[in-house]
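Single-structure report; data block below.
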Amino acid sequence: MIYLDAVLGLILVILLAGAFGRYPLWRLALEALVGLAMIVAIHALAAILWRWLANYLDEGATPPSRRRMGSTFARKTRRETRFEALDDQELERHLERHPDDALALESHCERLWAAGRRDDYARELSWLLNLPNRMSIDEQVTRLHWLADYHLRENGRPGQAIEALRLIEARFPGTYQATLARQRILSLRTALAEGEKAGS
Numbered sequence: 009m010i011y012l013d014a015v016l017g018l019i020l021v022i023l024l025a026g027a028f029g030r031y032p033l034w035r036l037a038l039e040a041l042v043g044l045a046m047i048v049a050i051h052a053l054a055a056i057l058w059r060w061l062a063n064y065l066d067e068g069a070t071p072p073s074r075r076r077m078g079s080t081f082a083r084k085t086r087r088e089t090r091f092e093a094l095d096d097q098e099l100e101r102h103l104e105r106h107p108d109d110a111l112a113l114e115s116h117c118e119r120l121w122a123a124g125r126r127d128d129y130a131r132e133l134s135w136l137l138n139l140p141n142r143m144s145i146d147e148q149v150t151r152l153h154w155l156a157d158y159h160l161r162e163n164g165r166p167g168q169a170i171e172a173l174r175l176i177e178a179r180f181p182g183t184y185q186a187t188l189a190r191q192r193i194l195s196l197r198t199a200l201a202e203g204e205k206a207g208s
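Now the structure itself:
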């Protein structure tokens, strides 16, 4: 929008100067192009400086678009980069001192996932989801469904699977994610009841 306003303003200046002034039209057009280029350059520089300053001051800012656990990052904060530079033992020592550091715990979960340590990942992820974190609704829902699957297939604890799904209902009431979680809970309960009848 700022570019459009600048162009329209320069065109108006050219028309007025050409109609009432003594300068040739080609000279006015050339000066207008130079002025427009300066406006664009200043705006681009201001945008770059603003992004750098925001990233520098706001270490806990949520990246604009981010998918975790083995995918790409849109923008990383300084604290996140610092945690990634730590080795596993250093990161674990940090978590021993600061167990509620969600950003450090998230980095730890990513390493557990990459190493294939599903049991440890499930335990740490459960703790992370109980902390204030910067995950989006979809990210939290995806991980809660993963925990439900883990408790069902690998842990053999359908009760904990239902608890994970109940968290979706409790945290995001009135959303389609809550509706799907409720439907899955009903399906699990039906399957459990049928299994109990078959076993009796």
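When we follow the working numbering, the leftmost residue of the sequence shown carries the number 9, and every step to the right adds one. No residue lacks a Cβ here, since even glycine has one placed at the ideal position from N, Cα and C.
Buried or exposed (CB count within 10 angstroms, at least 16 for buried), residue i
i	result
Glu-114	buried
Gly-207	exposed
Val-149	buried
Leu-53	exposed
His-159	buried
Through-space distance from residue j to residue i, alpha-carbon basis
i	j	result
Leu-103	Leu-41	57 Å
Arg-119	Leu-137	16 Å
Pro-140	Ile-193	25 Å
Gly-182	Arg-161	28 Å
Lys-205	Thr-198	11 Å
Arg-87	Leu-111	8 Å
Arg-125	Glu-100	15 Å
For residue i, three-class secondary structure by DSSP
i	result
Ala-189	helix
Phe-91	helix
Gly-182	coil
His-106	coil
Thr-198	helix
Leu-99	helix
What are the uninterrupted segments assigned as alpha helix (DSSP H) that are 4 or more residues long and contained completely in the segment 112 to 175, given in chain order? 126 to 137 and 145 to 161
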